[in-house]
Amino acid sequence: MPTSAAHPAPCVILVRPQMAVNIGMVARAMLNCGLDELRIVAPRDGWPNPGANSAAAGALRVIEEAQIYDDVAAATADCNHIFATTARVRELDIPAYPPRPLAEKIHQFPASEKSAILFGPEASGLSNDDLSYATGLVHYPVNPECTSLNLAQAVLMFAWEWWMAREQTPQQYDREEDTAPAESINIMLDRLESQLEKGQFFPIPENRDPMMGKIRNLINRAEPSEREVKILHGIITALQRSS
212 MPTSAAHPAP CVILVRPQMA VNIGMVARAM LNCGLDELRI VAPRDGWPNP
262 GANSAAAGAL RVIEEAQIYD DVAAATADCN HIFATTARVR ELDIPAYPPR
312 PLAEKIHQFP ASEKSAILFG PEASGLSNDD LSYATGLVHY PVNPECTSLN
362 LAQAVLMFAW EWWMAREQTP QQYDREEDTA PAESINIMLD RLESQLEKGQ
412 FFPIPENRDP MMGKIRNLIN RAEPSEREVK ILHGIITALQ RSS
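Numbering (the numbering used here), first residue to last: 212 to 454.
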């Protein structure tokens, strides 16, 4: 059940980062603002990487304690709320927030729920598959004449808003049940995909991944509770019995 305790700091997840020096600068930006949990998905140049250490300055412990994952699903498995940074907000039917209201929103979640902020590769940003795991989006309302932010800048802009909001945001959470962690939702979606495949829901093979991405977005936007995920499991089981 929700609790009145302060929400813990969100983890920062770098997805396929390309340059070790950028990872180091991200660690420094994080610790400047009280964030210390860094997760890295498939870093291009491997890990550990000494190039990150020199750029981290006083935040070496963030680098040393960073957790490495193979994919976004694994990196977000224990997270209840996943917010992805992207410039393609208008293309996606997912709630989008500037950093300040998002930081305030995260502070309102119960202490029992974990949040994550996803940042994509420097050159290309997050893929459609990466974005399908998001329960919300982060967008930066900057000067339209110069919208490009480097990775550490993007992390720092959110982290600073989180830091400033930590004592300003009243606890408000009106759900009766906690949101299910991503791992529970992903297990259910894997079962659903298997059943849809058996039912020939994907007559055109190349449409399978985009369609599952839309289904994943639909479920993640709802932020279902564990009880609601169990109901969806029950529906899938009933469909299996009837087929």
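We put the CB at the ideal spot given by N, CA and C, even for glycine.
Starting from residue i, follow its DSSP beta bridges and name the residues at the other end.
i: ARG250; result: ILE224, GLN278
i: ILE293; result: ALA327
i: TYR308; result: VAL349
i: THR358; result: None, per the DSSP bridge assignment.
i: THR390; result: SER436
When burial is assigned at 16 or more other CB atoms within 10 Å of the CB, is residue i buried or exposed?
i: SER343; result: buried
i: SER395; result: buried
i: ALA231; result: buried
i: GLU417; result: exposed
i: ASP256; result: exposed
i: SER215; result: Reliability of the predicted coordinates at SER215 is poor, the pLDDT of 39 falling under 50, and the value obtained from them is presented with this limitation in mind. The residue in question, SER215, is exposed, as its Cβ has fewer than 16 Cβ neighbours within 10 Å.
i: ASP389; result: buried
i: LEU225; result: buried
i: MET212; result: Caution is warranted here: a pLDDT of 36 is assigned to MET212, below 50, making its placement in the model unreliable, and the coordinate value is therefore given only provisionally. By the 10 Å Cβ count, MET212 comes out exposed.
i: LYS316; result: buried
i: LYS353; result: Just to set this straight, residue 353 is Val in the shown sequence, not Lys. By the neighbour-count rule (16 or more Cβ atoms within 10 Å), VAL353 is not buried but exposed.
i: ILE442; result: exposed
i: GLU275; result: exposed
i: ALA322; result: exposed
Need the endpoints of the beta strand (DSSP E) that residue i sits in, please.
i: LEU400; result: Looking at the DSSP string, LEU400 is not in any beta strand (DSSP E); the run it does join, the alpha helix (DSSP H), is 393-409.
i: GLY347; result: 347-349
Can you tell me where the alpha helix (DSSP H) holding residue i begins and where it ends?
i: PRO261; result: 261-267
i: GLU439; result: 437-453
i: ARG239; result: 231-243
i: ASP256; result: Unbroken run through ASP256: none, as it is neither H nor E.
i: ALA285; result: 283-286
i: ASN339; result: 339-342
For chain B, check one thing: does any of its Cβ atoms lie closer than 8 Å to the Cβ of residue i?
i: ALA376; result: The chain labelled as chain B is not found in the depicted structure, where only one protein chain is given.
task = Evaluate contact between the region 266-273 and the region 298-315, counting only Cβ atoms and requiring at least three cross-stretch pairs below 8 Å.
result = In short, these stretches do not touch, since the Cβ pair count stays below three.
Decide yes or no for the touch test of the region 433-450 against the region 351-367: beta carbon pairs closer than 8 Å, at least 3 of them.
When Cβ pairs closer than 8 Å are counted between the two stretches, the region 433-450 is seen not to touch the region 351-367, the count staying below three.
Exercise. Would you be able to state if there are at least three C-beta pairs under 8 Å between the region 324-339 and the region 407-417?
Key: Put simply, the region 407-417 does not touch the region 324-339. Fewer than three CB pairs are less than 8 Å apart.
>> For the pair the region 230-248 and the region 305-320, tell me if three or more CB-CB distances fall below 8 Å.
In response: They do not touch, by the three-pair rule.
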